[in-house]
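Chains as they are written, first to last, in numbering that gives the first Met the number 0: chain V, 0 to 86; chain U, 0 to 672. Glycine included, C-beta positions come from ideal geometry on N, C-alpha and C.
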Amino acid sequence: MLRGILRIISRDGYISRSQLAKELNILKDIVDEGIMQLLRRGYLLEENTGEGCATFCVKCPFARNCSKEIVKTFKISAKGERYLKNR
Amino acid sequence: MASGTIALVGNPNSGKTTFFNALTGSNQHVGNWPGVTVEKKEGSFKFEGEKYHVVDLPGTYSLGAFSEDEVVARNFILTGNPDVIIDVVDASNIERNLYLTTQLLEMGKKVVIALNMVDEAEKRNIDFDIDGLSKKLGIPVIPTIATKGKGIKDIVKAAIDLMNRNMAAENPVQYGETIEHHIRNIERLLAGKELPYPTRWTALKIIEGDQEILNNIKQSPHLDQNLTDYIEKFHQDHRNEDLELEIIDAKYSFANKAVDGTIKRPAEETVTITDKIDRIFTNKYLGIPIFAGIMLIVFQLTFVLGEEILGGLAADLIDGLGGLLAMFLVYLGAPGLFTSFMIDGVINGVGAVVEFVPLILVLYLLLSFLEDSGYMARAAYVWDDLMRRLGLQGKAFISLIIGFGCNVPGIMSARTLDNKKDRMITTLITPFMSCGAKLPIYSIFIAAFFSRHGGLILFSLYAFGILVGLIMAKIFSKTLFKGESSYFIMELPPYRIPTLRNVLRNMWDNVYGFLKRAGTVIFVVITLLWVLAVLPVSVEPYSQLSILGRIGAFIAPIFAPAGFGSWQESVALFAGIPAKEAVVGTLGMLYAGQYVEQGAILVNAVKLQFTSLTALSYMVMTLLYTPCIATLSVVGKETNSLKWPLFMALYTFALGWLAAVAIFQVGSLLGFS
Chain V
0 MLRGILRIIS
10 RDGYISRSQL
20 AKELNILKDI
30 VDEGIMQLLR
40 RGYLLEENTG
50 EGCATFCVKC
60 PFARNCSKEI
70 VKTFKISAKG
80 ERYLKNR
Chain U
0 MASGTIALVG
10 NPNSGKTTFF
20 NALTGSNQHV
30 GNWPGVTVEK
40 KEGSFKFEGE
50 KYHVVDLPGT
60 YSLGAFSEDE
70 VVARNFILTG
80 NPDVIIDVVD
90 ASNIERNLYL
100 TTQLLEMGKK
110 VVIALNMVDE
120 AEKRNIDFDI
130 DGLSKKLGIP
140 VIPTIATKGK
150 GIKDIVKAAI
160 DLMNRNMAAE
170 NPVQYGETIE
180 HHIRNIERLL
190 AGKELPYPTR
200 WTALKIIEGD
210 QEILNNIKQS
220 PHLDQNLTDY
230 IEKFHQDHRN
240 EDLELEIIDA
250 KYSFANKAVD
260 GTIKRPAEET
270 VTITDKIDRI
280 FTNKYLGIPI
290 FAGIMLIVFQ
300 LTFVLGEEIL
310 GGLAADLIDG
320 LGGLLAMFLV
330 YLGAPGLFTS
340 FMIDGVINGV
350 GAVVEFVPLI
360 LVLYLLLSFL
370 EDSGYMARAA
380 YVWDDLMRRL
390 GLQGKAFISL
400 IIGFGCNVPG
410 IMSARTLDNK
420 KDRMITTLIT
430 PFMSCGAKLP
440 IYSIFIAAFF
450 SRHGGLILFS
460 LYAFGILVGL
470 IMAKIFSKTL
480 FKGESSYFIM
490 ELPPYRIPTL
500 RNVLRNMWDN
510 VYGFLKRAGT
520 VIFVVITLLW
530 VLAVLPVSVE
540 PYSQLSILGR
550 IGAFIAPIFA
560 PAGFGSWQES
570 VALFAGIPAK
580 EAVVGTLGML
590 YAGQYVEQGA
600 ILVNAVKLQF
610 TSLTALSYMV
620 MTLLYTPCIA
630 TLSVVGKETN
640 SLKWPLFMAL
650 YTFALGWLAA
660 VAIFQVGSLL
670 GFS
C-alpha cells in the first residue's frame, strides 16, 4: 500500500486522496494514514510555504495574512526516490 | 486497593475521553506524566464490589516513538503493567483504528475492543459481524455508545473476564520470509535476557530501527557482543531495503483481512464531485483558459461592485467628511496652513487612498472565496507545467499568488523553494504581480477613461504583469541563473463550500493591512510631500515654484517620452517608491490644491491631466516600475546583499519606462490619444 501511494504520487505529481483511494482500492482514511506513515518515516517531506514572515516582519501590516498556506506541497525525499527505484 | 488496572487506548477522536468519563464518572483526577507535558488522566470504578483503576492514555494513531503522546502511551503499556487494555475503536473508521490494535496485540497484551459510536456507523449504513471480527482478531469485541453509556457494563465485564484469564499472547501478524528469519535470529540472541519488553516485539523494533528501543537495549547490562554485532551487521546489510515499510504494510494487510467480510460499508463514491470538476479545471488544455476566465470574472465583479457601486459611496462619504471638516475648521478660526494640511493633505491625500477600501474588500473577498474553495491549489497545479517550461518550478506560482496581496510575503515565501535559481528568479519577478496597493492607481485611471470595460482592463493589467514576470523568468533562467529546477508535489484537497468565517477573516486581514498602511506610511509620506508642496511660503502652494514643484519639474523630462511629463505625475511616481498607495494620495493632494474648482473628486482631475493613451502608459509604468521600499529591503535581507535590491530597483524601472514609452509612442503613431 505504502509503495503504491508513493508510486502514484510520483507518477501524477500531485496528491489527491480520492484518486489514491480509487486506484489502490482502499478508504480515504487509510490513504491519510499511509501518507502520514510516509511523512513520519521520511519518504515524503512536507514543505511549508507559509513560514516566511514568522521571523522578519512582525510589524508589517500584512503579517497576519502572509503566514497562511495556500497550497500544501510535498516532496519525495532521496530515501523515497531510492525506495521507488529499488522496487 | 484496586483489583486491577485498565488502560484506555485509542485513536484521537475515537470517543475515548467520553468513554473514560462514562466509566469513571466523577472518580477521576488529572495530572501530568513525569518529565513531559502530556496530561495524565486516571480514575476508578467499582464493578461487582471490586474497585478498578483506569488510566486514560493519550490518543494516538500508533505506538512508535514519533511524539511525546506515543512514547507515553507505549511506555505505560510496556512497563506500567496494565492488567488489560480497552482499545476504543471508532466504528466508522475501524480500518484505520485497527493499525493501533495490531500494535497492541504484538506487544502481547490482553486487549478488548470497544467498538465505539456504533450508532454513528449505523447511520452511515456500516454493517458489522461482531463475532466474525472478534474471531479474526482473536480478542473480544464489544459494541458501545459511550455518549449514551451503552455497552459500558458489557465491556467492563469482558475486560475483567480477560484480566482473570491466563491468556498467552499470539503473534497476529506474519511478515515476509526475510523479516521472519531475522526476528527468529534476534529472538534467539535475546533469549534469557531480562528485558522489560516482549521478545518478538523487541526483535521487530530492532529491525525497524526504533531508536528508543535500540538505545535501551544498548544500555542493558545483559547485552552481549553477539547481539551488538548482529544488530550492527543487520542494519548495515539492510539499510537500503526499507524493511520498516514492509512491516507497516503487513500490519495494514492484517487489519484489512480482519475487516474483510466482517465489515460491510456502502461503496465510496468512485467518482466524486471533486474528480468531476477537476477533469475540467485541471485539464492540460483547459486549465489555464479557465483560470483566466475565473480571474476575469473576479476583476469584473471587483470593478463593478467595489468601484462603481461601493466606491462611489466611499468617495462621497470622504468628500462629505472633508466638507464638514472644512466648515468646522473655519468655524473654529483655524490657521489657513493647518486647514490646508487637513483638507488637502489628510482628506484629499490619505482619504483618496482610504476610499479604495471597498475595492480592496471586494477583490479579497472573491480571492478568499477561491482560496477557501480549494481552487487556488488547482490554479498552482495548472501553472506548474508552464512554469517548468519557463525554467521555474510550479511552486513559484504560489509565491506569485501571495504577491498579489503584497509582494513582501510573496518574496518571503520564495525562501521555501529548494534551489537558489528558483528562489532568485521568483524573487526578481514577484514585483510584477500587482499588489493590493497598486489597485487604487488602476482604479482611478480606469474610472476616468475605461469605465465601460473596467473589469477587462483590470484583468489585462494583472495578466500583463504575469506575462512580463514569465518572460523575465525565462530570460533569467537562460542568463543569470542556469540549472535545473527542483520537483515538488502539490496536494489537491477536495473542493468545499467556503466558510463565511474563513473568507471574512482572510478579507479583513487584507483590508486591515491596507488601512494600517494608509494610517502610517502613507500619512507620513503625504505629510512630508505636503510640507514640500507649500514651501517656501512666498510662492503659490502646490505650484511648480514650490520645493516639490521644482523637484518634480527636474525629473519630469524623464517621463516625457511616455506622455506624462508634468511635475505632479512624476512626483507621484517617486512618492510610490516608499509605498505604492502614495501615488494616488499624492495625486489627490496635488490635484486638490490645483483644481480647487473641481472639488475633491480625483477622477475629474485625472481626466483633465491625462488622455486615454497616457493613462494607459501611466498604469503600465506603475505596474512594472521600482517596487516599494519594503519589498526592496526584504530582497536585500533574503539575498543578504545590496546588489540584488539595487538591480531590482533599476531593472524594473527601466522595464516600466520602456513599456510606458512603447505604449505611448506606438499608440501615438497609430493615431490613439
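Check your understanding: Of all the options U:48, U:556 and U:55, which has the alpha carbon lying nearest to the alpha carbon of residue 19 of chain U?
Key -> U:55
Practice item. Quick one: which residues of the segment 57-88 of chain U get their C-beta closer than 9 Å to a C-beta of chain V? List them in chain order. Key: 60, 61, 63 and 65
Check your understanding: In chain U, which residues lie less than 8 Å from residue 2 of chain V when you measure between Cβ atoms?
Key -> 244 and 248
Exercise for review: Give the single residue among U:443, U:329, U:496 and U:113 whose Cα lies nearest to the Cα of residue 146 of chain U.
Suggested key: U:113
Practice item. Return helix, strand or coil for residue 18 of chain V, following the three-state DSSP convention. Key: helix
Check your understanding: Under a three-way DSSP split, which group does residue 251 of chain U fall into?
Key -> If DSSP states are grouped into helix, strand and coil, residue 251 of chain U belongs with the helices.
**Study point:** residue 619 of chain U beta carbon less than 8 Å from that of residue 591 of chain U
**Key:** Not closer than 8 Å, so no.
Exercise for review: Output yes if chain V places a C-beta closer than 8 Å to the C-beta of residue 307 of chain U; else output no.
Suggested key: no
Review point. At which residues does the beta strand (DSSP E) containing residue 44 of chain V begin and terminate?
Key: Where residue 44 of chain V is concerned, the enclosing beta strand (DSSP E) stretches over 43-46.
Review point. Is the beta carbon of residue 568 of chain U sitting closer than 8 Å to the one on residue 494 of chain U?
Key: no
Practice item. Show which residues of chain V have a CB atom less than 7 Å away from the CB atom of residue 526 of chain U. Key: The premise fails here: residue 526 of chain U is roughly 18 Å from chain V at the closest Cβ pair, so nothing lies under 7 Å.
Review point. Just curious, the beta strand (DSSP E) that residue 41 of chain U is in, first and last residue?
Key: 38-46
Review point. Alpha carbon to alpha carbon, what distance is there between residue 29 of chain U and residue 123 of chain U?
Key: 35 Å
Practice item. Rounded to whole angstroms, what's the CA-CA distance from residue 650 of chain U to residue 9 of chain U? Just pull it up for me. Key: Those two C-alpha atoms are separated by around 60 Å.
Exercise for review: Evaluate residue 16 of chain V with the Cβ neighbour count: other Cβ atoms within 10 Å of its Cβ, from every protein chain shown; 16 or more gives buried, anything less gives exposed.
Suggested key: Residue 16 of chain V is buried by the Cβ-count criterion.
Exercise for review: Out of U:386, U:338, U:489 and U:317, point me to the one whose CA is closest to residue 374 of chain U's CA.
Suggested key: U:489
Review point. Is the CB of residue 374 of chain U under 8 Å away from at least one CB in chain V?
Key: no
Review point. Looking only at its own chain, which residues have a Cβ that is under 6 Å from the Cβ of residue 434 of chain U, when we skip the five neighbours before and after it?
Key: 405 and 406
Practice item. Give the straight-line distance between the Cα atoms of residue 46 of chain U and residue 77 of chain U, rounded to the nearest whole angstrom. Key: CA-to-CA, the gap between residue 46 of chain U and residue 77 of chain U works out to about 26 Å.
**Study point:** Opposing strand residues paired with residue 142 of chain U [DSSP bridges]
**Key:** U:114
Practice item. Go ahead and pull the three-state DSSP assignment for residue 333 of chain U. Key: coil
Exercise for review: Could you tell me which residues DSSP puts in a beta bridge with residue 744 of chain U?
Suggested key: Outside the shown range of chain U (0 to 672) lies residue 744 of chain U, about which nothing can therefore be said.
**Study point:** Cα-Cα separation, residue 180 of chain U to residue 237 of chain U
**Key:** 13 Å
Check your understanding: For residue 356 of chain U, which residues from the same chain have a beta carbon less than 8 Å from its beta carbon, with the 5 sequence-adjacent residues on both sides left out?
Key -> 313, 510, 513 and 514
Practice item. Measure the CB-CB distance between residue 93 of chain U and residue 262 of chain U and report whether it falls below 8 Å. Key: yes
Practice item. Compare the beta carbon distance of residue 110 of chain U and residue 143 of chain U with 8 Å and say whether it is the shorter of the two. Key: no
Exercise for review: With residue 490 of chain U as the anchor, note down where its beta strand (DSSP E) starts and where it stops.
Suggested key: For residue 490 of chain U, the enclosing beta strand (DSSP E) stretches over residues 488-490.
Check your understanding: By the criterion of Cβ-Cβ separation under 9 Å, what are the contact partners of residue 94 of chain U in chain V?
Key -> 25, 26, 28, 29 and 32
**Study point:** Run of the alpha helix (DSSP H) containing residue 368 of chain U, from where it starts to where it stops
**Key:** 356-372
Point to revise | With 16 other Cβ atoms within 10 Å as the buried cut-off, status of residue 173 of chain U | key: That one is exposed.
Review point. In this structure, does DSSP put residue 172 of chain U in helix, strand or coil?
Key: Three-state result, residue 172 of chain U: coil.
Review point. So which residues of chain U does residue 14 of chain V contact, with C-beta pairs closer than 8 Å?
Key: 488, 489, 490 and 491
**Study point:** Those runs of the alpha helix (DSSP H) which lie wholly inside the segment 461-535 of chain U and span at least 4 residues
**Key:** 499-516 and 522-533
Check your understanding: Between the segment 190-202 of chain U and chain V, which residues of the former have CB atoms less than 7 Å from a CB of the latter, in chain order?
Key -> none
Exercise for review: Residues of the segment 353-381 of chain U with a CB closer than 8 Å to any CB of chain V: list them in chain order, please.
Suggested key: From the segment 353-381 of chain U, only 370, 375, 376, 379 and 380 have a Cβ closer than 8 Å to chain V.
Exercise for review: Express the C-alpha separation of residue 2 of chain V and residue 83 of chain V in angstroms, rounding to a whole number.
Suggested key: 7 Å
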